[in-house]
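Participant: Attaching a single structure in structure tokens format; questions to follow.
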Amino acid sequence: MSPRRVVLWRHGRTAWNAESRFQGTTDVGLDEVGIAQAERAARDLATLAPYRIVSSDLERARVTAEALAAVVELEVETDPDLRETYAGTWQGLTRDEIVAEDRDTWTRWIAGDDVRPGGGETRSEVAVRVSGAVLRHAEHLPAGGTLVVTSHGGAVRACLGTLLGLPVEHWTVLGGLVNCAWSVLEEQPDGRWRLVEHNARSLPEEVVGDEV
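Residue numbers (our numbering): 4 to 215.
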């Protein structure tokens, strides 16, 4: 029996991404590069024949998801639980501006500590919210079905760390997703999830060799 699969897909580029501004839950749309990224990635992801497409309700994620939905003729379901980390007073600031205002918290944030960026959500709080939503939607998959979840970089990493059973202090071992890249999880017979692709912009291939 084929395993169920979850594709965690980061949205395309925004103007704030290009300016290294902390977006958080601010509803920033895709720029021209981001739209092109979404359309290109959609053509690849369509070959996985997704069963459902679920997206954060923030525009940059929803529009990215709609590029895939248009190709595979599915509706995009939105879920606010898939939003990015709420980062309080950091939202809209560049890295340099954040460091100038709150160097200690920024240093701890980059190191992977479970702090509140700008007084907002901790990584562990985001993980509970996002992973709970992903599992809730994955329950509706048939055997061998693929769920595409369009979300955000920080939200995806928190979700991955949780579904892979990693302690929060080890989530930094997972490199961040570039715009419009994805990670792929497959459900194992014991119900756990296995990471088979990470930060990818190409399709999963079967592993061949002695260690699979």
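The beta-carbon is built from N, C-alpha and C at its ideal position, and this holds for glycine as well. Predicted model, so just to flag it, every value in this text is computed and none were measured.
#1: What does the alpha-carbon distance come out to for the pair residue 114 and residue 101?
#2: Mind checking residue 2: buried by the 16 CB within 10 Å criterion, or exposed?
#3: Compute the Euclidean distance between the alpha carbons of residue 37 and residue 89, then round it to the nearest angstrom.
#4: Work out the CA separation of residue 183 and residue 153 for me, nearest whole Å.
#5: Looking only at its own chain, which residues have a Cβ that is under 6 Å from the Cβ of residue 189, when we skip the five neighbours before and after it?
#6: Please report the residue range of the alpha helix (DSSP H) in which residue 19 lies.
#7: Note down, in chain order, each residue of its chain lying with its Cβ closer than 8 Å to the Cβ of residue 156, except the 5 sequence neighbours on either side.
#8: Can the beta-carbon of residue 93 be found less than 8 Å from the beta-carbon of residue 121?
#9: Among the residues of its own chain, which have a CB less than 8 Å from the CB of residue 140, if the five just before and after it don't count?
Facilitator: According to the data block:
#1: Cα to Cα, the separation comes out at about 15 Å.
#2: Any answer about residue 2 is impossible in this case: the structure gives the chain only from 4 up to 215.
#3: Rounded to whole angstroms, residue 37 to residue 89 spans 22 Å at the Cα level.
#4: 9 Å
#5: 6, 8, 197 and 199
#6: 18-21
#7: 13, 87, 179 and 180
#8: yes
#9: 55, 57, 80, 82, 150 and 152
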